[in-house]
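To start, the structure under review is shown below, and the notes come after it.
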Amino acid sequence: MVLKEKLRRYTPEQIKVIEQYWDTLRFTRKTGQIADGIKEREYEYWERFDPALVIEALTIHIRKYPNIRENYTRGILRNLKGGASLGSNGKSINPKHGTAQNTSGTKRDERAEEAFRRRLAGL
Numbered sequence: 001m002v003l004k005e006k007l008r009r010y011t012p013e014q015i016k017v018i019e020q021y022w023d024t025l026r027f028t029r030k031t032g033q034i035a036d037g038i039k040e041r042e043y044e045y046w047e048r049f050d051p052a053l054v055i056e057a058l059t060i061h062i063r064k065y066p067n068i069r070e071n072y073t074r075g076i077l078r079n080l081k082g083g084a085s086l087g088s089n090g091k092s093i094n095p096k097h098g099t100a101q102n103t104s105g106t107k108r109d110e111r112a113e114e115a116f117r118r119r120l121a122g123l
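Using full-length UniProt numbering, you'd call the opening residue of the sequence shown number 1 and step up by one each time.
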C-alpha cells in the first residue's frame, strides 16, 4: 500500500519504466528479488527530483548499466540534475570563490590553447 502511494506522482507510462527498472535490477540479487524496503527507500530519494528526470535516469541505468545495483542510479540522478543547472554558456558559479568556471574543457585543453596562442604571437 505504501509503495503505491509513492507512485502517485508518476504517469502510467512512467510507472511501466519503473517496473522495468525493478525487473532489471532484480538480477543483481542472488535471490532474484528486491525487498519492498529497498524500493521504498529509493522512492523517497527520488522524491527530491522531478519525475521526468527520475525516468531519464532509470532509462539510462536500464540501457547502459543493467548489472549494477540501484545506488548507481542515485549518481546518474545527481549528474543529470547538476548538468541541467548549467547555464547556456557552459559555465557554472564556483560557490567557494564566487567566480565562473569553465566546465566544458579540461586543464589539458586550456594548456594547449595557451601554447597555441604563444606560438601565434611568436610568428
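All residues carry an ideal CB built from backbone N, CA and C; glycine is no exception.
Keep in mind it's a predicted model, so treat the numbers as computed, not measured.
- For Arg117, the three-state secondary structure derived from DSSP is helix.
- By the neighbour-count criterion, in which a residue is buried when 16 or more other Cβ atoms sit within 10 angstroms of its Cβ, Val2 is exposed.
- Take Thr73, set aside five residues on each side of it, and the residues of its chain with a beta-carbon closer than 6 Å to its own are Ala57, His61, in chain order.
- Judged by DSSP in its simplified three-state form, Arg9 adopts coil rather than helix or strand.
- Annotated as proximal: Glu70 and Glu42, with beta-carbon spacing under 7 Å.
- Here Leu77 is buried. Its C-beta has 16 or more other C-beta atoms within 10 Å.
- The Cβ atoms of Gln20 and Arg26 lie no closer than 7 Å to each other.
- The beta carbons of Lys39 and Trp22 sit about 7 Å from each other, so the pair counts as a contact at 8 Å.
- Between Pro51 and Arg9, the CB-CB gap stays under 7 Å.
- In the three-state reduction of the DSSP assignment, Asp50 falls in the coil class.
- Listed in chain order, the non-local C-beta contacts of Phe49 below 7 Å within the same chain comprise Leu77, Lys81, local neighbours out to five positions each way being set aside.
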